[in-house]
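Chains as they are written, first to last, in our numbering: chain A, 1 to 340; chain B, 1001 to 1340. We put the CB at the ideal spot given by N, CA and C, even for glycine. First the structure, in the form of structure tokens, and then the observations on it.
Number of protein chains: 2
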Amino acid sequence: MAATIKDVAKKAGVSIATVSLVIHNNPRISPETRKRVLQAIKDLDYHPTHSARGLVSQKSGNIGFIVTEDHFSRSEPFYTQIFLGTEFQAREYEYYILLTTIPSKYTEKDDLPRFILERNVDGIILAGKIPPVLINRLSRYKLPLVFVDYFPPEGNFPVVMIDNIDGALKATEHLIECGRTHIAFIGGDIEHPSIQERFVGYKMALEKHGLPFDPNLTVTNEPYPSREYGYQAAKKLFSQQTPIDAVFTCNDAMAIGTLQYLKEQGIKVPEDVSLIGFDDVEADLSLDPPLTTIRVPKIEMGMQAVRLMIECLNSEQVFVKKLLVPAELVIRKSTCKKQQ
Amino acid sequence: MAATIKDVAKKAGVSIATVSLVIHNNPRISPETRKRVLQAIKDLDYHPTHSARGLVSQKSGNIGFIVTEDHFSRSEPFYTQIFLGTEFQAREYEYYILLTTIPSKYTEKDDLPRFILERNVDGIILAGKIPPVLINRLSRYKLPLVFVDYFPPEGNFPVVMIDNIDGALKATEHLIECGRTHIAFIGGDIEHPSIQERFVGYKMALEKHGLPFDPNLTVTNEPYPSREYGYQAAKKLFSQQTPIDAVFTCNDAMAIGTLQYLKEQGIKVPEDVSLIGFDDVEADLSLDPPLTTIRVPKIEMGMQAVRLMIECLNSEQVFVKKLLVPAELVIRKSTCKKQQ
DNA sequence: AATATTCAGTTAAACGTTTAAACTAACAGA
DNA sequence: TCTGTTAGTTTAAACGTTTAACTGAATATT
Chain A
1 MAATIKDVAK KAGVSIATVS LVIHNNPRIS PETRKRVLQA IKDLDYHPTH
51 SARGLVSQKS GNIGFIVTED HFSRSEPFYT QIFLGTEFQA REYEYYILLT
101 TIPSKYTEKD DLPRFILERN VDGIILAGKI PPVLINRLSR YKLPLVFVDY
151 FPPEGNFPVV MIDNIDGALK ATEHLIECGR THIAFIGGDI EHPSIQERFV
201 GYKMALEKHG LPFDPNLTVT NEPYPSREYG YQAAKKLFSQ QTPIDAVFTC
251 NDAMAIGTLQ YLKEQGIKVP EDVSLIGFDD VEADLSLDPP LTTIRVPKIE
301 MGMQAVRLMI ECLNSEQVFV KKLLVPAELV IRKSTCKKQQ
Chain B
1001 MAATIKDVAK KAGVSIATVS LVIHNNPRIS PETRKRVLQA IKDLDYHPTH
1051 SARGLVSQKS GNIGFIVTED HFSRSEPFYT QIFLGTEFQA REYEYYILLT
1101 TIPSKYTEKD DLPRFILERN VDGIILAGKI PPVLINRLSR YKLPLVFVDY
1151 FPPEGNFPVV MIDNIDGALK ATEHLIECGR THIAFIGGDI EHPSIQERFV
1201 GYKMALEKHG LPFDPNLTVT NEPYPSREYG YQAAKKLFSQ QTPIDAVFTC
1251 NDAMAIGTLQ YLKEQGIKVP EDVSLIGFDD VEADLSLDPP LTTIRVPKIE
1301 MGMQAVRLMI ECLNSEQVFV KKLLVPAELV IRKSTCKKQQ
């Protein structure tokens, strides 16, 4: 049987309270006693039991992680990486992460995650789009909620978001630094908040560098940011007569479609048209040429979410911090300096 | 504050023991009392607290999940899916999964996962290759261990494995049913147990259907089952004069490499040469033609692992069951009937 | 010298359950 | 009528911690 605090106390010749105080670095304990206790702890390989601690402290030591089923199991492991980030950081702070997936169309009838009912989490991190009805139900428990990669439409919560504007700015500026002056934007569905932000970043970069904004160079009405629609968008763009020497697509999937179209048309990438995406998905590397893109630091986002959560848990008053994590330019072979 | 068993007891006018007995369906309780208690539980939305239960029952209600860092975060979400499977099944049985990643080169010096020290898991599921030194350390705790997708070289543990032989058999038989008679095998590193098994399945299918086994049609000495080596292997294979009308590659990555080579050589897939892979990775769908392959039921494997674990936890004597989960043929466009 | 303060530790209650053992009332058997 | 049995419920201990309140000794203050 594993050692308990009683065994340690007996071995060190003190009361169990003393052992506990030593563990919590209480200054009331004399150096000698502390040393004896520490030695006993080591000898017996003692570690306080999770449940016992949890019971008396009324803290579970766990953080819940909620994500919809399809988000978590989709092929691009975006949320998996975020989850992994939370795991790393939680371990650091001696918390456990309890993951649960929920149906994408969560309704009032569906169960609440069990960890809430059993009071087995001290707070909850929610990743990606979460049905409002669930958010409502959760807010009734007075657990801190932290959102990652989703800005809840109602309520005021701590969130960790990608800095889309900054990322798009970096992408566009990179193209400008390559000497490109006719830079197109392919955006998929402009209703989507992240895409809107990326569009803003694009325009900011143009303005900052004194380039004109030409609506003819933008396609923002495709229904979905997929490869197929990337292809379609490129087709629209290049069927006009406007000259184009660079394209910024708002995600890598669309960039891949665009690339396919350009190749079919015999347009050389990166020489004739330089191409930059957004996301940094696995497929980028096996493209020809490998895609220059903006990397989203997924692991980092997860870590930040946990840090926000810890702050919430340690502070008395509710506090709401919104965090933008910067995306990073990854230069590969689909962009290059323009030959004059 | 959330309701406790005391609140329920008071509301129903019984002792807390009665409430507990009702919850555990103890037959000693009279129907009327039971009904009253159940009503009170419902009214107060009472759920027993996890830590309190854990403390008194000396069970954590958690199952640990260990996987190496690189396995979990690699691009193809193989272990993520397995993990997800464990989550689904664990939820069913009212267990929580506690995931932790470990360094791939785990040494004696590295920490044990915290959930072991804190006695916060009742058993551990280990996915993928696990360093023997860790297995040794873990076996000293008397927690049940269940392995998924890895057959530990020492010791006798419950395991869940892919039925590689059956999968390879299915793949090869599919090619035979397509009327192919000169079927090549590309295997990567034959030292790897799964690859050996797939090789066995391949040979079994040939024998079963009275086709000769020709060593010239096999490449099994590539260092690593990657796209590049798939390309190389195909090159070796097709540089000989032996006719080939189908190829079974032991995984999809090598199939992709092989496909690239065949296209470059102007060999038509699936007409001239039909091609089948193994694994069913995401990329298969965006190939031209989309790859016929053998799907590994990852979610199912995770679920099975949990079921095995539950059996371990509920049975007194140690028991060791080995499970092979069948892989499934997924027909796409890279295979077709041979034109005579 | 008497009293107050500080130091270093102990005592005991509490957290929310489970469960063996004890209890009580009703009933059956003699 | 007394004893034994059974059914239904309660009592109380236990699980392994934390921590407020307490104690006794040593030291400081007057």
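Contacts that residue i makes with chain B (C-beta to C-beta distance below 7 Å)
i, result
"A/Glu328", "In chain order: nothing, as chain B lies at least about 18 Å away."
"A/Arg119", "Ala1002, Thr1049 and His1050"
C-beta contact flag for residue i and residue j at 9 Å
i, j, result
"A/Leu313", "A/Asp122", "yes"
"A/Asp245", "A/Ile294", "no"
"B/His1174", "A/Glu118", "no"
"A/Thr242", "A/Asn216", "yes"
"A/Phe151", "A/Pro158", "no"
"A/Phe199", "A/Thr181", "no"
"A/Leu275", "A/Val296", "no"
"A/Thr86", "A/Ala233", "no"
"B/Phe1083", "B/Thr1100", "no"
"A/Ala12", "A/Val37", "yes"
"B/Ser1104", "B/Asp1070", "yes"
"B/Ala1040", "B/Tyr1046", "yes"
"A/Val325", "A/Pro144", "no"
Listed by chain order, chain A residues near residue i by CB distance under 7 Å
i, result
"B/Gly1054", "Ser51"
"B/Thr1080", "Pro77 and Thr80"
"B/Leu1098", "Tyr96"
Buried/exposed call for residue i, threshold 16 Cβ in 10 Å
i, result
"B/Lys1236", "exposed"
"A/Val281", "buried"
"B/Ala1017", "exposed"
"B/Asn1025", "exposed"
"A/Lys298", "buried"
"A/Gln340", "exposed"
"B/Tyr1079", "buried"
"B/Lys1170", "buried"
"A/Gln81", "buried"
"A/Ile331", "exposed"
"B/Leu1285", "exposed"
"B/Ser1073", "buried"
"A/Met301", "buried"
"B/Phe1278", "buried"
"A/Arg227", "buried"
"A/Gly128", "buried"
"B/Asn1120", "buried"
"A/Pro77", "buried"
Under the three-state DSSP convention, the category residue i falls into
i, result
"A/Asp252", "helix"
"A/Arg332", "coil"
"A/Leu112", "coil"
"A/Thr4", "coil"
"B/Ile1016", "helix"
"A/Ile82", "helix"
"A/Val67", "strand"
"B/Gly1054", "helix"
"B/Gly1167", "helix"
"B/Leu1145", "strand"
"A/Asp214", "coil"
Amino acids of chain A, ordered along the chain, whose beta-carbon sits closer than 8 Å to that of residue i
i, result
"B/Pro1152", "By Cβ distance, chain A contributes nothing, its closest Cβ being about 24 Å from B/Pro1152, past 8 Å."
"B/Leu1084", "Phe72, Ser73 and Thr101"
"B/Glu1087", "Leu99, Thr100 and Thr101"
Integer-rounded CB distance, given that residue j should sit under 8 Å from residue i
i, j, result
"A/Asn164", "A/Glu197", "4 Å"
"B/Ile1066", "B/Pro1113", "6 Å"
"B/Tyr1093", "B/Asn1062", "Contact doesn't hold; Cβ gap of about 12 Å is too wide."
"B/Glu1271", "B/Cys1336", "7 Å"
"B/Pro1132", "B/Glu1108", "About 11 Å separates the two Cβ atoms, so there is no contact after all."
"A/Gly188", "A/Asp166", "About 19 Å; that fails the 8 Å criterion."
"B/Ser1334", "B/Thr1292", "5 Å"
Partner residues on chain B for residue i, Cβ-Cβ distance less than 8 Å
i, result
"A/Ser60", "His1050 and Ser1051"
Partners in chain A for residue i, counting only beta-carbon separations shorter than 9 Å
i, result
"B/Phe1115", "His50 and Tyr96"
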